[in-house]
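Protein chains in written order, with my numbering: chain G, 1 to 275; chain E, 1 to 309. Positions of the beta carbon are idealized from the N, C-alpha and C atoms, including for glycine. Report on the following structure.
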Amino acid sequence: MSSLEVRNLVKEFTVRSGVRRGTLRAVNDVSFTLEPGKTIALVGESGSGKSTVAKMISQLETPTTGEILLDGQPIGRRGRALSSYRHQVQMVFQDPFASLNPYHTVAHHLERPLRIHGVAAGQALEPAVHDLLERVNLTPPELYAVKRPHEMSGGQRQRVAIARALAPGARFLVADEPVSMLDVSIRLGVLNLLARLQREENLGVLYITHDLATARHFSDEILVMYRGDIVERGPSDDVILNPQHEYTKTLLAAAPEPSRHGRLREEVRAELAAS
Amino acid sequence: MTATATTTTGPLSSPTHAAHVAHLEPVLTARHVSIEYEVDPPVRAVDDVSLTLHRGEILGLAGESGCGKTTLAYGLNRLLKPPAILRSGEVTFHDAGGSDIDVVSLSGDALRAFRWDKVSMVFQGAMNSLNPVISVRKQLGDVLTTHRPQMGKAERAARSAELLALVGVDPGRLDSFAHELSGGMRQRVMIAMAMALNPQVMIMDEPTTALDVVVQRGILREIMRLRERFNFAVVFITHDLPLLLEISDRIAVMRAGRIVELDTSESVYARAQHPYTRQLLNSFPSLTGDRGSFVRTGVSTDAAEGEAS
Numbered sequence: 001m002s003s004l005e006v007r008n009l010v011k012e013f014t015v016r017s018g019v020r021r022g023t024l025r026a027v028n029d030v031s032f033t034l035e036p037g038k039t040i041a042l043v044g045e046s047g048s049g050k051s052t053v054a055k056m057i058s059q060l061e062t063p064t065t066g067e068i069l070l071d072g073q074p075i076g077r078r079g080r081a082l083s084s085y086r087h088q089v090q091m092v093f094q095d096p097f098a099s100l101n102p103y104h105t106v107a108h109h110l111e112r113p114l115r116i117h118g119v120a121a122g123q124a125l126e127p128a129v130h131d132l133l134e135r136v137n138l139t140p141p142e143l144y145a146v147k148r149p150h151e152m153s154g155g156q157r158q159r160v161a162i163a164r165a166l167a168p169g170a171r172f173l174v175a176d177e178p179v180s181m182l183d184v185s186i187r188l189g190v191l192n193l194l195a196r197l198q199r200e201e202n203l204g205v206l207y208i209t210h211d212l213a214t215a216r217h218f219s220d221e222i223l224v225m226y227r228g229d230i231v232e233r234g235p236s237d238d239v240i241l242n243p244q245h246e247y248t249k250t251l252l253a254a255a256p257e258p259s260r261h262g263r264l265r266e267e268v269r270a271e272l273a274a275s
Numbered sequence: 001m002t003a004t005a006t007t008t009t010g011p012l013s014s015p016t017h018a019a020h021v022a023h024l025e026p027v028l029t030a031r032h033v034s035i036e037y038e039v040d041p042p043v044r045a046v047d048d049v050s051l052t053l054h055r056g057e058i059l060g061l062a063g064e065s066g067c068g069k070t071t072l073a074y075g076l077n078r079l080l081k082p083p084a085i086l087r088s089g090e091v092t093f094h095d096a097g098g099s100d101i102d103v104v105s106l107s108g109d110a111l112r113a114f115r116w117d118k119v120s121m122v123f124q125g126a127m128n129s130l131n132p133v134i135s136v137r138k139q140l141g142d143v144l145t146t147h148r149p150q151m152g153k154a155e156r157a158a159r160s161a162e163l164l165a166l167v168g169v170d171p172g173r174l175d176s177f178a179h180e181l182s183g184g185m186r187q188r189v190m191i192a193m194a195m196a197l198n199p200q201v202m203i204m205d206e207p208t209t210a211l212d213v214v215v216q217r218g219i220l221r222e223i224m225r226l227r228e229r230f231n232f233a234v235v236f237i238t239h240d241l242p243l244l245l246e247i248s249d250r251i252a253v254m255r256a257g258r259i260v261e262l263d264t265s266e267s268v269y270a271r272a273q274h275p276y277t278r279q280l281l282n283s284f285p286s287l288t289g290d291r292g293s294f295v296r297t298g299v300s301t302d303a304a305e306g307e308a309s
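Structural data, given as structure tokens:
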């Protein structure tokens, strides 16, 4: 019964253009269930509504209609019920250069959530911080705990961001484009870390991305979003290797595929010759 | 290896590459270019780079942040600002007219006449490179008034409209401002601006990085189409190796200021020689191919995780 479920989620924004007002439906009737130890990838281009879904799950936006259920229970709106939800569902943001405070050490970033969420206090803080750093492969922890964000690479910062999300005892992570700001050669390391946590600590991960290749390799299920709707869903290999919806096919055709070098040039030449 | 590594400092390349470039006509040649940032201690961002760009080819320049690829591009175009300084080396532009231009010694009016007219650039973060307070018409017109002062107003307007049409933007958008255009359209306007004077070389620094895959594909297609029509050479800079492999004729892989491997796309993809190139190739999973060793359930997971941190 342990799961994070979103049911018929809808989000409308009011848009104003001059004197006219209208509503924009950013998310239209989205439902899925995230289970511990599973990764669901939410893919789509900018403006498809995938980040709005993430914001609603992390309670940064309120759904217009629809429900978010944790272990079958609707989440609380305030007080203890809401903070219990926040212990268990945490976010990892896209930009590790912006999401860590440049004034504070890594230890500070991790101690705060540990204290606020009542996980550890006083003497227990330091070992708890070290444990978190070890879990995200920043070893030896004594070395990293005293660093400030500018002393670390993008990949290391994103590991700190992941450790911070784990600090309250999160069982579900919402990772919104967690590697798109990182250099290609360190992306896999961060994704492998998420995969290991998912496997070894039974973490449920919602991986939001526009990169279809990593979505395929790092998730069990893929949901394709287009203009607020989920247009296709299924086991990741099925969606990528045998896409049904036109939009999924467009996305796949647009993804760079190194084995097809020269393809674009030939296409363009054929087009020009035909016109 | 023994046949190709004739000099100890040069990039690795294959015999196929030598055969490929043998019959091509060079348009821009850089020889032993070194660029330093004069900070304390000095940083050598580009270290003894030699590179030849041929007429009409797409040369991909791949590497990670901080490897010196943008600095090299600025050096080729004489756009370096202090504290960056070209320490040594020569850059020669082989004009279609037959004359050679020594780019390093250009100054004043000669430099102005060279820049943008012969070699133009599409800058990184083109999303934000348009001036937000003047219209597209004024920005395109600005290039033409500076470089083609003999052009009349009507002629400029006609050329601006033609340029927009070339890059697939409705000429009706001439009076729009940057914020009224989508990211893809802004990028197309930047390309139109770079094409305004029919340059022989266009340097594109991460031109599609901030864009969605679908929009990105449209822009790439446009670049390829224009290249077929106007036969300009492109230096395409990005860290996205899969994309480069798909569109470039040749690829130069840069690391810590040096070009470590220079080869045709086919060879880089099939037979990369330098360990760093292989590492880059292995750092992205294939979309439709087999699941590689980095697959999340694989045994090598933790090794990959550790290596990359």
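Pull up the CB-CB distance for A233/E and Q200/E, whole angstroms please, since I reckon it's below 8 Å. Mapped onto the second sequence, residue 233/E falls at position 233. Mapped onto the second sequence, residue 200/E falls at position 200. Indeed, because the Cβ distance is near 7 Å, the residues count as touching under 8 Å.
Does S275/G have its Cβ less than 8 Å from a Cβ in chain E? Locating residue 275/G in the first sequence gives position 275, counting from the first residue. Answer no: the Cβ-Cβ gap between S275/G and chain E never drops below 8 Å.
Tell me whether the stretch 5-12 of chain G and the stretch 22-31 of chain G touch, counting them as touching only if at least three CB pairs, one residue from each stretch, are closer than 8 Å. yes
Coarse secondary structure for L264/G, derived from DSSP in three states: The residue given as residue 264/G occupies position 264 in the first sequence. In the structure shown, L264/G adopts helical secondary structure according to DSSP, grouped into three states.
Assuming S185/G is part of the alpha helix (DSSP H), what are its boundary residues? Within the first sequence, residue 185/G is the residue found at index 185, counting from 1. It spans V184 to E200 - the alpha helix (DSSP H) in which S185/G sits, taken as one unbroken run.
In whole angstroms, what is the alpha-carbon distance linking S265/E and L287/E? Translated into the one-based positions of the second sequence, residue 265/E becomes position 265. Translated into the one-based positions of the second sequence, residue 287/E becomes position 287. Approximately 18 Å, taken between the alpha carbons.
Beta-carbon of D240/E versus every beta-carbon of chain G: anything under 8 Å? Walking along the second sequence from the start, residue 240/E turns up at place 240. Output row for D240/E: interface = yes.
By DSSP, does P74/G sit in helix, in strand, or in coil? Locating residue 74/G in the first sequence gives position 74, counting from the first residue. DSSP places P74/G in strand when its eight states are reduced to three.
Among S129/E, I101/E, N231/E and A165/E, which residue has its Cα nearest to the Cα of E206/E? In the second sequence, residue 206/E corresponds to position 206, counting from 1. Out of S129/E, I101/E, N231/E and A165/E, S129/E has the C-alpha closest to the C-alpha of E206/E.
Give a yes or no on whether 8 Å exceeds the smallest Cβ distance from S46/G to chain E. Within the first sequence, the letter at position 46 stands for residue 46/G. Interface with chain E (8 Å Cβ-Cβ cutoff): S46/G is included.
Contacts that P285/E makes with chain A (C-beta to C-beta distance below 7 Å): Absent from the structure: chain A. Protein chains present are G and E.
Please report the straight-line C-alpha distance between V311/E and W116/E, rounded to a whole angstrom. Coverage of chain E is limited to positions 1 through 309, which leaves residue 311/E absent and any answer about it impossible.
Can we say the stretch 134-152 of chain E touches the stretch 252-264 of chain E, given the rule of at least three CB pairs closer than 8 Å? no
Taking only runs of the beta strand (DSSP E) that begin and end inside the stretch 81-109 of chain E, which ones reach a length of at least 3 residues, in chain order? 84-94 and 100-102
Exposed unless 16 or more other CB atoms sit within 10 angstroms - verdict on S99/E: If you number the second sequence from 1, residue 99/E lands on position 99. With fewer than 16 other Cβ atoms within 10 Å, it is exposed.
Kindly say whether T250/G, judged by its beta-carbon, lies nearer than 8 Å to any beta-carbon of chain E. Position 250 of the first sequence, counting from 1, holds the residue named residue 250/G. For T250/G, the answer is yes, since a Cβ of chain E falls inside 8 Å of its Cβ.
Identify, in the order they occur along the chain, each residue of the same chain with its Cβ nearer than 7 Å to the Cβ of A121/G, setting aside the five sequence neighbours on each side. Your numbering for residue 121/G matches position 121 in the first sequence. The residues are R115.
Just to confirm, is the Cβ distance from L215/G to V53/G under 8 Å? Counting from 1 along the first sequence, the entry for residue 215/G is found at position 215. Counting from 1 along the first sequence, the entry for residue 53/G is found at position 53. The sequence shown places Ala at residue 215/G, rather than the Leu named in the question. No.
Start-to-end residues for the beta strand (DSSP E) that takes in H32/E: Stepping through the second sequence from its first residue, residue 32/E is reached at position 32. Start and end: P26 to Y37.
Chain-ordered neighbours of D212/E on chain G, where CB pairs are closer than 7 Å: As a working note, residue 212/E is residue 212 in the second sequence. In chain order: E45, S46 and H210.
Restricting to runs no shorter than 3 residues, where is the beta strand (DSSP E) found entirely within the stretch 118-164 of chain E? 119-122
For P132/E, count neighbouring Cβ atoms within 10 angstroms of its own Cβ and tell me buried if that reaches 16, exposed if not. Sequence index remark: in the second sequence, residue 132/E carries index 132 (1-based). It is exposed - the Cβ of P132/E has fewer than 16 other Cβ atoms within 10 Å.
C-alpha gap between A303/E and A161/G, whole angstroms: Sequence index remark: in the second sequence, residue 303/E carries index 303 (1-based). Sequence index remark: in the first sequence, residue 161/G carries index 161 (1-based). Reliability fails at A303/E, whose pLDDT of 40 lies under 50, so the model's placement of it is uncertain and the value that follows must be treated cautiously. So the alpha carbons of these two residues sit roughly 21 Å apart.
If you check the beta carbons only, do M91/G and D176/G fall under 8 Å apart? One-based indexing of the first sequence puts residue 91/G at position 91. One-based indexing of the first sequence puts residue 176/G at position 176. Yes, the Cβ-Cβ distance between M91/G and D176/G is below 8 Å.
Mind listing the chain G neighbours of I247/E? Cutoff is C-beta to C-beta under 7 Å, in chain order. The count along the second sequence starts at 1 and reaches residue 247/E at position 247. Those within 7 Å of I247/E in chain G are L264.
Does the separation of the CB atoms of G204/G and L34/G fall below 8 Å? For the purposes of this step, residue 204/G is taken as residue 204 along the first sequence, with counting starting at 1. For the purposes of this step, residue 34/G is taken as residue 34 along the first sequence, with counting starting at 1. Yes, the Cβ-Cβ distance between G204/G and L34/G is below 8 Å.
Is L220/E close to chain G? Criterion is C-beta to C-beta, closer than 8 Å. Translated into the one-based positions of the second sequence, residue 220/E becomes position 220. Under the Cβ distance rule, L220/E counts among the residues neighbouring chain G, one pair being separated by less than 8 Å.
Strictly below 7 Å CB to CB, what residues from chain E border H261/G? Stepping through the first sequence from its first residue, residue 261/G is reached at position 261. Neighbours of H261/G on chain E, chain order: L245, E246, S265, E266 and Y269.
Between which two residues does the alpha helix (DSSP H) containing A178/E stretch? By 1-based counting over the second sequence, the position of residue 178/E is 178. A178/E -> no alpha helix (DSSP H), and no H or E assigned at all.
What first and last residue would you give for the beta strand (DSSP E) that runs through A45/E? To locate residue 45/E, count along the second sequence from 1; it is residue 45. It spans V43 to H54 - the beta strand (DSSP E) in which A45/E sits, taken as one unbroken run.
In the DSSP assignment, find the unbroken beta strand (DSSP E) run with D229/G in it and report its ends. Residue 229/G sits at position 229 when you count from the first residue of the first sequence. Its beta strand (DSSP E) spans residues D229 to P235.
Whose Cβ in chain G lies nearer than 9 Å to the Cβ of E64/E? Counting from one through the second sequence, the residue named residue 64/E turns up at place 64. Neighbourhood of E64/E in chain G, by CB distance below 9 Å: D183, V184, S185 and I186, in chain order.
Rounded distance between the beta-carbons of A30/E and V49/E, thought under 8 Å: Residue 49/E sits at position 49 when you count from the first residue of the second sequence. Residue 30/E sits at position 30 when you count from the first residue of the second sequence. Indeed, because the Cβ distance is near 6 Å, the residues count as touching under 8 Å.
So which residues on chain E does L272/G lean against when the C-beta distance must stay under 8 Å? For the purposes of this step, residue 272/G is identified with residue 272 of the first sequence, where counting begins at 1. Going along chain E in sequence order, the residues near L272/G (Cβ under 8 Å) are R225, E228 and R229.
Buried or exposed, going by whether 16 or more other CB atoms sit within 10 Å of the CB of Y103/G? Translated into the one-based positions of the first sequence, residue 103/G becomes position 103. Burial call: exposed.
Which residues, in order along the stretch 103-125 of chain G, keep a beta-carbon less than 7 Å from a beta-carbon of chain E? none
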